[in-house]
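A.B. asks:
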Amino acid sequence: MKQIPLTILGGYLGTGKTTLLNNILKNSEKKIAVLVNDFGEINIDESLIDWQEENILSIAGGCVCCSYGNELVETLEKMKALDPLPNHILLESSGVAIPYKIAQTVSLMEFLSLHGNIILTDASRLLNQLKDKYISDTIQNQFEGNDLLVLNKIDLVDNEEIDNCIKELTTINLKANILQTSNAEVSGQTIFKNYKNRTSIKEAINSDEFHKVDKFITTTIKCTFSIDIKKITELLANPANGIERAKGFLRDKNGTDFLIQFDGKNFDIDKFDEKRESAIVVIGRDGFFHEKEFIKKFNNISA
Amino acid sequence: MIKVIQAKKILTMNPRNPVVTHMSMLNGKILQVGSLEKIAPSEKYELDDSFKDLIIMPGLVEGHSHLFEGALWSKLYCGYFDRQKPDGSINQGIKNIDQLVKNLKNEEEKIKDPASALSGWGLDPIYFEDKNLDRGILDKVSEKRPVGILHASGHKLNMNSLGLKLAGFLRTGINHEGLPLGKDGIPTGEIRGAETIAMVTRHVGLGKDWLAGDAEGLRNFGKICLRAGVTTAADLANLQEDESVKMMSRVTSEPDFPARIVSLRYMQGISPKEVIKRVLALREKSTENLRLGAIKVVADGSIQGFTARLNWPGYYNGAPNGLWYTAPEHIQEVYELALENNILVHTHTNGDEATELALDCLEKALTKHPRNDHRFTLQHCQLASSSQFRRMNKLGMCANLFANHHYFWGDEHYSLTVGPERAERMNACRTALDNNVPLAIHSDAPVTPLGPMFTAWCAMNRLTFSGRTLGDYEKINKLEALYAITLGAAFTLKLDGEIGSLETGKKADCCILEDDPLDIDTETFKDQKIKGVIKGGSTFLVKDEKN
Chain X
90 MKQIPLTILG GYLGTGKTTL LNNILKNSEK KIAVLVNDFG EINIDESLID
140 WQEENILSIA GGCVCCSYGN ELVETLEKMK ALDPLPNHIL LESSGVAIPY
190 KIAQTVSLME FLSLHGNIIL TDASRLLNQL KDKYISDTIQ NQFEGNDLLV
240 LNKIDLVDNE EIDNCIKELT TINLKANILQ TSNAEVSGQT IFKNYKNRTS
290 IKEAINSDEF HKVDKFITTT IKCTFSIDIK KITELLANPA NGIERAKGFL
340 RDKNGTDFLI QFDGKNFDID KFDEKRESAI VVIGRDGFFH EKEFIKKFNN
390 ISA
Chain G
657 MIKVIQAKKI LTMNPRNPVV THMSMLNGKI LQVGSLEKIA PSEKYELDDS
707 FKDLIIMPGL VEGHSHLFEG ALWSKLYCGY FDRQKPDGSI NQGIKNIDQL
757 VKNLKNEEEK IKDPASALSG WGLDPIYFED KNLDRGILDK VSEKRPVGIL
807 HASGHKLNMN SLGLKLAGFL RTGINHEGLP LGKDGIPTGE IRGAETIAMV
857 TRHVGLGKDW LAGDAEGLRN FGKICLRAGV TTAADLANLQ EDESVKMMSR
907 VTSEPDFPAR IVSLRYMQGI SPKEVIKRVL ALREKSTENL RLGAIKVVAD
957 GSIQGFTARL NWPGYYNGAP NGLWYTAPEH IQEVYELALE NNILVHTHTN
1007 GDEATELALD CLEKALTKHP RNDHRFTLQH CQLASSSQFR RMNKLGMCAN
1057 LFANHHYFWG DEHYSLTVGP ERAERMNACR TALDNNVPLA IHSDAPVTPL
1107 GPMFTAWCAM NRLTFSGRTL GDYEKINKLE ALYAITLGAA FTLKLDGEIG
1157 SLETGKKADC CILEDDPLDI DTETFKDQKI KGVIKGGSTF LVKDEKN
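First to last, the protein sequences are chains X and G. So for the first sequence, the numbering used here puts the first residue at 90; every next one is plus one. So for the second sequence, the numbering used here puts the first residue at 657; every next one is plus one.
1. Output needed in chain order: residues of the stretch 170-183 of chain X with a Cβ under 8 Å from some Cβ in chain G.
2. With 9 Å set as the bound, which would you pick, yes or no: does the beta-carbon of Phe962 (chain G) sit closer than that to a beta-carbon of chain X?
3. Would a check of beta-carbon distances place Asn144 (chain X) closer than 9 Å to chain B?
4. Pull up the CB-CB distance for Leu325 (chain X) and Phe351 (chain X), whole angstroms please, since I reckon it's below 8 Å.
5. When the Cα atoms are used, what is the spatial distance from Thr96 (chain X) to Gly845 (chain G)?
6. Contact criterion: CB-CB distance below 9 Å. Does Leu779 (chain G) meet it with respect to chain X?
7. If I follow the unbroken beta strand (DSSP E) through His1004 (chain G), where does it start and stop?
8. Reducing DSSP to helix, strand and coil, say where Leu948 (chain G) ends up.
9. The stretch 155-167 of chain X: which residues have C-beta closer than 8 Å to a C-beta of chain G, in chain order?
10. Please go through the same chain and pick out, in chain order, the residues whose beta-carbon is closer than 8 Å to the beta-carbon of Asp359 (chain X), but skip the five residues on each side of it.
11. Here's a check: name, in chain order, each residue in its chain whose Cβ is nearer than 6 Å to the Cβ of Tyr157 (chain X), leaving out the five neighbours to either side.
12. Please confirm if the stretch 230-246 of chain X is in contact with the stretch 196-216 of chain X, defined as three or more CB-CB distances below 8 Å between the two stretches.
13. Going along chain X, which residues have a C-beta under 9 Å from His1004 (chain G)?
14. Determine the DSSP secondary structure at Trp968 (chain G), reduced to helix, strand or coil.
15. Looking only at its own chain, which residues have a Cβ that is under 8 Å from the Cβ of Arg365 (chain X), when we skip the five neighbours before and after it?
16. What residue range is occupied by the uninterrupted beta strand (DSSP E) comprising Lys708 (chain G)?
17. Excluding five sequence neighbours on each side, which residues of the same chain lie with their C-beta closer than 8 Å to the C-beta of Lys291 (chain X)?
18. Grab the span of the alpha helix (DSSP H) containing Ile191 (chain X) for me, first residue to last.
19. By alpha-carbon positions, which one of X:Lys354, X:Ser202, X:Leu161, X:Lys190 ends up nearest to Asn176 (chain X)?
20. With 16 other CB atoms within 10 Å as the buried threshold, where does Ser1122 (chain G) fall?
21. Would you mind sorting Asp891 (chain G) into buried or exposed? The rule is 16 or more other CB atoms within 10 Å of its CB.
22. Identify whether Glu257 (chain X) lies in helix, strand or coil by the three-state DSSP scheme.
23. Could you tell me the distance, in whole angstroms, from the CA atom of Glu851 (chain G) to the CA atom of Gly376 (chain X)?
24. By DSSP's criteria, Thr307 (chain X) is part of a beta bridge. Which residues make up the other side?
25. How big is the Cα-Cα spacing for Met904 (chain G) and Ala884 (chain G)?
26. Would you call the stretch 1047-1055 of chain G and the stretch 1102-1112 of chain G touching, i.e. three or more CB-CB distances under 8 Å?
27. If the cut is a Cβ gap below 8 Å, which residues of chain X does Met855 (chain G) touch?
28. Under a Cβ-count criterion, where at least 16 other Cβ atoms within 10 Å of its own Cβ denotes burial, should Leu1135 (chain G) be classed as buried or exposed?
29. Which parts of the stretch 313-339 of chain X are runs of the alpha helix (DSSP H), unbroken and 4 residues or longer, counting only runs that do not cross its ends?
30. From Ala1115 (chain G) to Ala1145 (chain G), what does the alpha carbon distance come to, in whole angstroms?
31. By Cβ distance, which residues of its chain are closer than 6 Å to Asp127 (chain X), with the 5 residues on each side in sequence left out?
32. To the nearest angstrom, how far is it from the Cα of Ser1043 (chain G) to the Cα of Ile243 (chain X)?
33. Between the stretch 931-939 of chain G and the stretch 1031-1038 of chain G, can you find at least three pairs of beta-carbon atoms closer than 8 Å?
34. What does a CB cutoff of less than 7 Å around Glu380 (chain X) pick up in its chain, not counting 5 residues either side in sequence?
35. How would you call Asn603 (chain G), buried or exposed, if buried means at least 16 neighbouring beta carbons within 10 angstroms?
36. Just mark Leu263 (chain X) as buried or exposed, buried being the case when its beta carbon has 16 or more other beta carbons within 10 Å.
Structure follows, in C-alpha cells:
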C-alpha cells in the first residue's frame, strides 16, 4: 500500500499554527491535504476554491483543506479515497489536544506514515503559560514526543526572554530541537522533512534551509477582452514568467467561456456554461514573477 | 372547544394553588386550574373525566439527555442493570460473563445476513466477578462474524478476533495505550479511548451511521420520554447539521410525538464566532416542539474516565489530571459573545477545576458585557465545592447536577476516583439550594436511564449501588426534588414561563401518575407508575408493558 506521509502541527491556541498553515497553503508546490479542527482563521482566497463539500475545500492546484471537528479518524480515512492522493497530510491539532496521543493514533493507520511531530510555542506567552493554573500541564504535555519545537514570535521579546524560554523548554524536554522564528516563518522543507528517518537533525537545525521561506505573489487580473486560449497557455507555461499556479474564467473570440487551471506543469481547460466575470488569478514566485510586466504581456495577447 | 379535565388530584407546583381537581385547556394551553365550580367555563365545554382516579402533575423536564438514547436500541443492550426498552419491555441486566455469551449467542442466531456484525452496548464489566473479557470469550459467540460491544461509559469497547482482524489490529508489533496486549503480544480485544474506538466501530456495526440520529431513533426517544413522564427533554450536545435540524423539526411535530425537545448546539469543530452566528440563525427555526438557539460547551472529561479536571489534590488513586476538551480562551470568548448576543450557554464541568474555570470566565465576561438573568448553567458540576456554589449564586449561574451518578458509580468514586470526602460532596443538591443556586437534576441518558422520578429518588436518598449512603447532608426533600425535575429544570432552559407548573397561560403539558408522589415514601419513590403524559392538551398513554 502506498503510504501518505503525515506531519502533525501542534501547540497551544495562538502559537501561530494557522499562520504557518496559511503560508504553506499559499506557497507549497506539493499537493497537500491540510486538516484543521475548524476552518476558523484559515484564510483561503475564495477565487482559488475549486469546490466545497461540507467539511472539505478543494483549492486550485491540488491542495485540499478539511475540518475534522470530533471526527479526526473518519476524516483521515477519507484522505485514502482522494483522487489524486495528497503528497502529504498536515494535521493541525486543536489548541488543547496532546499531539503525541494523536501520533499514537496515526501510527495505527497503516496507510499513513508519520514523518514528524512539530510543536509551536509563543515566546511572548510561554513563561506565563507555564505558570498558568489552568493550562501549564497541558502546555507541558503538548511538548512530549516532539521532533521539532518552533519557538515562534521571538520578535515580540528581548534576548533574555528568549534565553529563558529555551531554558524552560530544555528542562521540560532535554532532547528538543528548537527552532527560533517570528511570524511562523518556517520553510516548507522544514515542515515536510521526514524526522523519523534521520538520526540527528541537530546540526541542520540552524542552517538556512530551516528559515528560508518561499514567497509568492498573488495577482488577480480582470479581463475585459476576448482571449486566444493557445496564447494564454504559452504565456503561463513560459518559465521566464515564474508562474506557479493559475486559475481563470476566460472567453475566446467566439464567445465561448473556458475554465483554465494551471498547476505549474499541466493545464486543465474546460468549457464552462455558467456566465461569470472574466478574470484570472495567477500566483508567481517572488523574484521571478514580475507583476506589472506580466499584466502588460497579458494585455497584449487579446485575440 | 374548551376542554376540562378532571383528576383525583392535580398537583400544580404553583404554591398559590397547590392541589386542585380540574384544569381547563384551550389551544394546547392552560386556561385555568381549580375546582370545577370555580373554573367551569360559561360557554360549552367538553369534560374529560378519564383521569378521575389518577394524579396529574406538570410534565417532567429532563434537563440533560441525548437523543441517541433512542437509536441505541437497534443494537443489543448488554448492561448490568435491568433497563426498559422504548416499547416498554424490560431488558434484563447481564450479571456475569456466561450470561453475556449466552445472550449474544441468542442474538447472533437471529441475524440472517452472514456478513453483518453482532453489536451491543451498555457493557459494564466492573460489576462482574471475573472482569477479564478478552477476544477469546467473544470468539465463543462467533468466529464467523465480527462482534463488538461498547461499554456503558462509552470510553471502552470489546471485540472478537475477527473484528480485530478487520480493523487491522490482529497482529503483533502494536504499541498503543488504547490497545492493551495479551501474553501473545496481540491486542486483547479491549479498545480504549474515543480515537481508538473510532477506528474500529464501523467493523463491528457501531459506525457513525448507527447514532446519526435518524427519525426512527428520535421516535424511540419520544417513547422513552413518554414512559418517564417527560414532556420536555433537553438534547445537550447536538451538532445540528441542516439535515438533522430538518428531521428533528419534522419528527417532533408529528401528532403522535409526545415530547418537546430543547436542543443545544455543541461547540465542537467550530470557532466561538461561528457558533454564535450559527445559533442566531437556528434560533429563528425554533418551533413549539423544538427549541433551538442555545450553546453547549464541554470544558473537561469524566471523573470515572480520569479525564475530568480536578483541583488539588487531584485523583484519589494518583492518576494524572484530566484534559481540557475546550481551550479556556475559547470558553472565555464564547461566554463574552453569548452575553453580548443574549444567547444561553450550558457548560459541562465534571471536575472542580473545570467549574472554577467556568466561574472565572463568566466573572470576566460579565464585567465586559453585563447582563442580568443570563441563566448560564453548569451541567454535571459534580465536584463543586461550597465556595463554588456561593460564587455561582453571586454570578447568577444555575446548576444541573448529575444526581444519578451516585447510584451507578458512587462506590467507585468513594474508593478509587476522588475518595470518601469528595465522593460525599459530589452533586451537592442541598448546598446548591442552601446558596440559592437554581437547581435541576438529570440522567444524561443514555449514560444512565432517562427517568426524572428515579433521578429525584437518587437526590433524596443518595444511595450507591452497594447500598452506601453517600453524603447524608446533601439529600434534598421530596418537594425540592419534584421542583428540580419540573420548574427547576425549566428555569435552566429559560422556559419556566411556559412549562414546569400548571397555571393559567402555560402549556398544557402534564405527567399522569397512578399515585400521589407526595404520599409515596422517599425510599420507594423511584417505583411510581407513570400512566402517560398530556402534551399541548393531547393525551398520550403508556401502552401496557410487555415483559
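Beta carbons are placed, not taken as given, at the ideal position from N, Cα and C, and that holds for glycine. Keep in mind the model is a prediction, meaning the values are calculated, not measured.
C.D. replies: Per the coordinate set shown:
1. Ser183
2. Taking the first residue of the second sequence as 1, we reach residue 962 (chain G) at position 306. Not an interface residue.
3. Going by chain labels, chain B is absent from the structure shown, which instead holds the protein chains X and G.
4. Along the first sequence, read from residue 1 onward, the residue named residue 325 (chain X) stands at position 236. Along the first sequence, read from residue 1 onward, the residue named residue 351 (chain X) stands at position 262. So it is a contact: roughly 5 Å between Cβ atoms.
5. Along the first sequence, one-based indexing puts residue 96 (chain X) at 7. Along the second sequence, one-based indexing puts residue 845 (chain G) at 189. Approximately 29 Å, taken between the alpha carbons.
6. The count along the second sequence starts at 1 and reaches residue 779 (chain G) at position 123. Chain X, which has no Cβ nearer than 9 Å to the Cβ of Leu779 (chain G), makes this no.
7. Reading the second sequence from its first residue, position 348 is the one you call residue 1004 (chain G). That run of the beta strand (DSSP E) goes 1001-1005.
8. For the purposes of this step, residue 948 (chain G) is taken as residue 292 along the second sequence, with counting starting at 1. The answer is strand: DSSP assigns Leu948 (chain G) an E or B state.
9. Ser156, Tyr157, Gly158, Asn159, Glu160, Leu161, Val162, Glu163
10. For this step, residue 359 (chain X) is matched to residue 270 along the first sequence. Result list for Asp359 (chain X): Phe347, Leu348, in chain order.
11. Translated into the one-based positions of the first sequence, residue 157 (chain X) becomes position 68. Cβ neighbours of Tyr157 (chain X) beyond the five flanking positions: Leu124, Thr164.
12. yes
13. Taking the first residue of the second sequence as position 1, residue 1004 (chain G) is located at position 348. Near His1004 (chain G) there are no residues of chain X at all, since even the closest Cβ is about 14 Å away, more than 9 Å.
14. Sequence index remark: in the second sequence, residue 968 (chain G) carries index 312 (1-based). Note: Trp968 (chain G) maps to coil in three-state DSSP.
15. Reading the first sequence from its first residue, position 276 is the one you call residue 365 (chain X). Here the set comprises Phe338, Asp346.
16. Counted from its first residue, the second sequence places residue 708 (chain G) at position 52. First-last of the beta strand (DSSP E) with Lys708 (chain G): 701-714.
17. In the first sequence, counting from the first residue as 1, residue 291 (chain X) sits at position 202. Interpretation of Lys291 (chain X) is limited by its pLDDT of 49, a score under 50 that renders its predicted location unreliable; the figure taken from the coordinates is listed afterwards. Only Asn266 meet the Cβ criterion.
18. Position 102 of the first sequence, counted from the start, is the residue given in the question as residue 191 (chain X). That run of the alpha helix (DSSP H) goes 188-196.
19. Mapped onto the first sequence, residue 176 (chain X) falls at position 87. With distances taken between Cα atoms, Asn176 (chain X) lies closest to X:Ser202.
20. Start at 1 with the first residue of the second sequence, and residue 1122 (chain G) comes out as number 466. Ser1122 (chain G) comes out exposed.
21. Taking the second sequence and counting its residues from 1, the one referred to as residue 891 (chain G) is at position 235. Buried.
22. Stepping through the first sequence from its first residue, residue 257 (chain X) is reached at position 168. Helix.
23. The sequence position of residue 851 (chain G) within the second sequence is 195, counting from 1. The sequence position of residue 376 (chain X) within the first sequence is 287, counting from 1. When rounded, the distance between both Cα atoms is 45 Å.
24. As a working note, residue 307 (chain X) is residue 218 in the first sequence. DSSP, once it has assigned bridges, lists X:Ile372 as partnering Thr307 (chain X).
25. Walking along the second sequence from the start, residue 904 (chain G) turns up at place 248. Walking along the second sequence from the start, residue 884 (chain G) turns up at place 228. Their Cα atoms are separated by approximately 20 Å.
26. no
27. Mapped onto the second sequence, residue 855 (chain G) falls at position 199. The contacting residues are Val162, Thr194, Leu197, Met198.
28. In the second sequence, the residue the question calls residue 1135 (chain G) occupies position 479. When all chains shown are included, Leu1135 (chain G) counts as exposed.
29. 318-326
30. Residue numbering aside, residue 1115 (chain G) sits at position 459 when the second sequence is read from its first letter. Residue numbering aside, residue 1145 (chain G) sits at position 489 when the second sequence is read from its first letter. Rounded to whole angstroms, Ala1115 (chain G) to Ala1145 (chain G) spans 14 Å at the Cα level.
31. Residue mapping note: residue 127 (chain X) aligns to position 38 of the first sequence, counting from 1. Around Asp127 (chain X): Ser156.
32. Position 387 of the second sequence, counting from 1, holds the residue named residue 1043 (chain G). Position 154 of the first sequence, counting from 1, holds the residue named residue 243 (chain X). Taking the straight line joining both Cα atoms gives about 41 Å.
33. no
34. If you number the first sequence from 1, residue 380 (chain X) lands on position 291. The answer, listed in chain order, is Ile306, Thr308.
35. What the structure shows of chain G is the stretch from 657 to 1203, and residue 603 (chain G) is not part of that stretch, so it cannot be assessed.
36. By one-based count along the first sequence, residue 263 (chain X) stands at place 174. Exposed: under 16 other Cβ atoms inside 10 Å.
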